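Asker:
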Amino acid sequence: MKGPSAMGRKNIIFTLFSVFLTFVSLQSKGQYALTTDELIQLEEKFVQFEDTDREAYLDSLEQSIQLKLMHSPQGVIKDAEIALYFAIKWSKPHFEGQIYLLLSSAYERLGKYAKGHEYKFDALRVYRDSDYQFGIALVYNNMGVTYARQKDYEKALVNYKLGIEIQQQIIDTPYDDLGPRDQALTLRKKELALADLYLNMGEILLETGSLEEALEYEMKALTLSSKYNEEINLAYVYGILGRIHQEGEKLALAKTYITGAVRIFEKLGDILPLAQYTLYLSEIYFAQGQLMHAKKYAKISLEHARDMGGIQWEVNALKLLSDLYEHEGDYEQSLMWYHEYSTMKDSLISLERLEVMSELQAVYDIESKQREIGLLKEREALLEKNKSSQQLVIFIGGILLILISFSAISLYQSRKTTKRAFKQIQQKSEEIKEQRDEILQQQVSINEQNELLRDQKRNITDSIAYAQRIQAAILYSANKIKNYFADSFILYKPKDIVSGDFYYYQNIKLPEEDNTLHFFAAADCTGHGVPGAFMSLIGYELFNKVIIEQQEYVPSKILGHVHEEVKYLLNQEDTHLNDGMEVALCCVNEKENTITFSGARSSIYVIQNNKDRLFKGTKKSIGACMTELEELREFEDISLQLFTDTYVYMFSDGYQDQFGGLKNEKFKRKKMCKIIAENHDKPFNRQYELLNSTLNRWMREGDEEQVDDILVMGVKIPTMDKDADQTS
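Here it is as structure tokens:
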């Protein structure tokens with residue numbers, strides 16, 4: 003068997019040498035995972051490719067990578083490295099830049115943001131060297147996405163605007179004035195790239211609250227994407243349009259758009275955005291009060307997030323499920339989901355910390371390289387200057403021997419200057435290094451302090467959240483009022499997570515008298531937040547003690563007993579603590595067809611036969627320090643005969659004292675009672691919505707936050723008898 007010819011040996015050597023050079027070039031970037039043997043096999047396979055075949059091969063490989071990227075970012079890296087190898091070897095810069103961008107996306111999806119960021123700079127370098135304007139615009143788009151993810155919206159907007167400007171110039175520039183690679187682009191590709199930039203720009207404007215401007219950009223993206231029926235673009239445009247309308251409280255329109263986005267993502271099998279947009283869909287159903295659909299889509303979102311390892315969306319879905327079950331009154335399920343949320347949130351915080359450190363390291367590496375380049379340039383300039391000086395000295399010395407001594411001195415001085423310059427450079431390098439170390443040390447210290455503060459805040463917030471669930475579980479029994487009075491509502495809005503306002507309901511059956519008593523109350527405790535919540539729990543249990551255990555059924559006497567109990571529990575005679583509560587308490591007696599009211603500095607608003615009356619309570623609080631005259635006052639009872647349908651409303655002072663409106667003033671009780679009177683005959687869920695939406699609008703008009711806990715309770719007591727009205 004003959005050995006290879008001389009020409010054959012040359013080809014083999016050349017092939018191996020080419021593989022070696024490209025391999026070393028890529029390995030030096032710390033990115034290449036293919037072995038030398040694999041590269042040689044690929045080289046032998048494609049060595050006979052013509053230029054058009056090479057373009058077709060790289061194009062098909064690029065499209066395959068883009069499809070795989072949605073489902074398996076780890077799996078595309080090897081394919082991308084093969085494509086990158088041949089793009090560099092065959093001098094195809096447009097493909098080289100695109101593969102860098104795909105590698106950037108793959109590594110960022112895997113959480114390796116520093117490496118992904120580096121690949122973007124590689125793509126920008128390649129596109130600039132080849133004057134490929136379309137590619138430069140693509141990089142600016144990708145840069146914008148990175149800054150948006152870091153919530154640096156200002157830099158994101160700058161990059162998107164640069165990308166839009168370049169893409170628009172490419173479309174508007176006459177064909178003959180474009181570069182050869184830009185000439186090869188189809189109008190479809192150019193306009194879809196512009197649509198992508200419009201889409202991303204709109205999303206950033208949405209995040210910054212510029213809804214009208216965001217809508218304008220998304221409609222531009224929709225026009226271009228619809229023109230070519232580009233499904234992936236349409237899915238994202240629908241999704242962002244839905245979010246814009248969701249923020250604008252146009253929920254029906256938002257649901258239509260986001261449902262359209264979800265259907266396309268399902269068709270394409272793109273799981274991560276499915277997790278995102280099914281969660282938005284769940285939020286919309288929640289806002290519309292459709293809890294069954296809201297839970298369904300929240301669970302779908304959770305499943306997709308877990309499939310793709312999307313921890314952020316998993317955390318968001320768990321929190322939403324906890325809130326949904328809490329709203330439904332299923333506190334056991336709510337707590338279960340909250341436990342999972344709390345655990346995953348800790349994992350997310352740890353992951354975000356690693357990502358931030360990774361990104362800081364990437365920025366530091368880039369800055370270090372820039373400083374090194376700067377120092378090298380300084381050294382080269384000094385050496386070049388020194389070299390020129392020496393040549394001049396030699397030239398003069400050769401012509402004028404008499405000046406040799408001066409030349410020697412000049413040379414000595416030049417070397418001395420050079421030495422001094424090098425020393426200065428070294429000193430500057432040391433200073434830069436010291437400053438860098440100091441900045442890094444300060445950054446570590448600041449990060450540690452910030453982390454400590456975040457942990458403390460998170461622990462406090464989580465503790466208060468648990469307290470809120472405990473309070474909600476206790477107040478849950480009060481919701482039984484709907485079992486006896488179907489036409490009723492409770493508007494309950496804590497200022498903070500927990501509330502100092504509470505509502506109460508209890509029914510007592512008296513079989514020997516063939517009678518049932520219904521007690522319901524609205525109370526406003528001193529303070530709000532945690533201190534108010536403690537008082538509310540004390541008050542709730544004392545009402546149970548006096549009514550159930552001590553079997554006291556007269557409202558005025560119940561308030562008297564609770565007053566004494568509060569003073570005793572808080573030891574107010576010695577401590578002079580000024581904590582207490584204002585209460586409106588009613589008792590409906592079925593057998594006597596009456597309602598009896600007693601109040602501690604609290605009133606009720608009653609409507610019978612379209613006539614309204616405000617019944618004021620005794621000018622005496624429960625607990626709290628008071629004058630001797632106030633202490634001597636007895637709580638009084640007011641009774642009404644239930645000869646017709648009777649509407650009873652009780653409230654704390656939070657609603658009427660809320661600041662807002664165009665004049666930034668209190669809402670006032672008179673205005674609240676007017677709304678109630680005008681709408682009392684409407685369904686009670688509608689009354690609830692009117693009171694709630696009116697208050698929200700009032701606060702928005704005055705740009706005011708909630709100033710106190712809010713409680714409004716409405717009950718319709720149906721006709722029991724036709725006796726005449728008796729008021730005592």
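Numbering (the numbering used here), first residue to last: 3 to 730.
Glycine is no exception: its CB is placed at the ideal position from the N, C-alpha and C atoms.
Keep in mind the model is a prediction, meaning the values are calculated, not measured.
In angstroms with no decimal places, state the Cα-to-Cα distance between residue 669 and residue 157.
Answerer: 43 Å
Asker: What whole-angstrom Cβ distance do residue 716 and residue 689 have, given they're in contact under 8 Å?
Answerer: Sure, about 6 Å apart at Cβ, within 8 Å.
Asker: Here's the rule: buried if 16 or more other CB atoms are within 10 angstroms of the residue's CB, otherwise exposed. What is residue 280?
Answerer: buried
Asker: Decide if residue 598 is buried, meaning its Cβ has at least 16 other Cβ atoms within 10 Å, or exposed.
Answerer: With at least 16 other beta carbons inside 10 angstroms of its own, residue 598 counts as buried.
Asker: Let me confirm a value: residue 728 is counted as buried when at least 16 other C-beta atoms fall within 10 Å, else exposed. Which label applies?
Answerer: Note that residue 728 has pLDDT 41, beneath the 50 cutoff, so the model's placement of it is unreliable and no number is given.
Asker: Below 8 Å, how does it come out for the segment 194 to 208 and the segment 231 to 240: are there three or more Cβ pairs, yes or no?
Answerer: Verdict: yes, contact present.
Asker: Since residue 139 contacts residue 168 with CB under 8 Å, what's their CB separation in whole angstroms?
Answerer: Their Cβ separation, rounded to whole angstroms, is 4 Å, which keeps residue 139 and residue 168 in contact under 8 Å.
Asker: Under the assumption that residue 523 contacts residue 584 (Cβ atoms under 8 Å), give the Cβ distance between them as a whole number of angstroms.
Answerer: That pair is no contact at about 11 Å.
Asker: What three-state label does DSSP hand residue 704 in the structure shown?
Answerer: Three-state result, residue 704: helix.
Asker: Which word fits residue 96, buried or exposed, when buried means at least 16 other C-beta atoms lie within 10 angstroms of its C-beta?
Answerer: buried
Asker: Here's the rule: buried if 16 or more other CB atoms are within 10 angstroms of the residue's CB, otherwise exposed. What is residue 676?
Answerer: exposed
Asker: Considering just the uninterrupted stretch of the beta strand (DSSP E) at residue 330, what are its terminal residues?
Answerer: Residue 330 -> not in any beta strand (DSSP E); alpha helix (DSSP H) instead, spanning 313 to 330.
Asker: If you pair each beta-carbon of the segment 549 to 564 with each one of the segment 484 to 499, do three or more pairs fall below 8 Å?
Answerer: no
Asker: Looking only at its chain, what residues have a beta carbon closer than 6 Å to the beta carbon of residue 626, apart from the 5 residues adjacent to it on each side?
Answerer: 580, 582
Asker: Between the Cα of residue 590 and the Cα atoms of 685, 550, 486, which residue gives the shortest distance?
Answerer: 486
Asker: Any idea which residues DSSP pairs residue 614 with across the strands?
Answerer: 609
Asker: Can you give the beta carbon distance from residue 710 to residue 659, rounded, assuming they're within the 8 Å contact cut?
Answerer: 6 Å
Asker: Identify the continuous alpha helix (DSSP H) that holds residue 201 and give its terminal residues.
Answerer: Looking at the DSSP string, the run of the alpha helix (DSSP H) that includes residue 201 is 189 to 209.
Asker: Keeping to the same chain, check which residues put their C-beta closer than 8 Å to that of residue 738; ignore five residues upstream and five downstream.
Answerer: Given a span of 3 to 730 for the chain in the structure shown, any question on residue 738 remains unanswerable.
Asker: Using a 10 Å radius around the Cβ and a threshold of 16 neighbouring Cβ atoms, would you call residue 488 buried or exposed?
Answerer: exposed
Asker: Using DSSP with H/G/I as helix, E/B as strand and the rest coil, what is residue 645?
Answerer: Here residue 645 sits in coil by DSSP.
Asker: Over what stretch of residues does the beta strand (DSSP E) that includes residue 500 continue unbroken?
Answerer: Looking at the DSSP string, residue 500 is not in any beta strand (DSSP E), and its letter there is neither H nor E.
Asker: I need the boundaries of the beta strand (DSSP E) containing residue 584, first residue and last residue.
Answerer: For residue 584, the enclosing beta strand (DSSP E) begins and ends at 582 to 591.
Asker: Out of 596, 98, 122, state which residue places its alpha-carbon closest to the alpha-carbon of residue 109.
Answerer: 122
Asker: Would you kindly report the start and end of the unbroken alpha helix (DSSP H) that includes residue 300?
Answerer: 293 to 310
Asker: With H, G and I counted as helix, E and B as strand and the rest as coil, what does DSSP make of residue 125?
Answerer: helix
Asker: Since residue 718 is in the beta strand (DSSP E), which residue starts that stretch and which ends it?
Answerer: Element bounds for residue 718: 712 to 719.
Asker: For residue 709, which of helix, strand or coil comes out of DSSP?
Answerer: coil
Asker: Measure the C-alpha to C-alpha separation of residue 455 and residue 448 and round it to an integer number of angstroms.
Answerer: 10 Å
Asker: For residue 526, report the span of its beta strand (DSSP E) as first-last.
Answerer: 517 to 527
Asker: Could you tell me the distance, in whole angstroms, from the CA atom of residue 166 to the CA atom of residue 147?
Answerer: Their backbone Cα atoms lie some 14 Å apart in a straight line.
Asker: Under the assumption that residue 635 contacts residue 621 (Cβ atoms under 8 Å), give the Cβ distance between them as a whole number of angstroms.
Answerer: 7 Å
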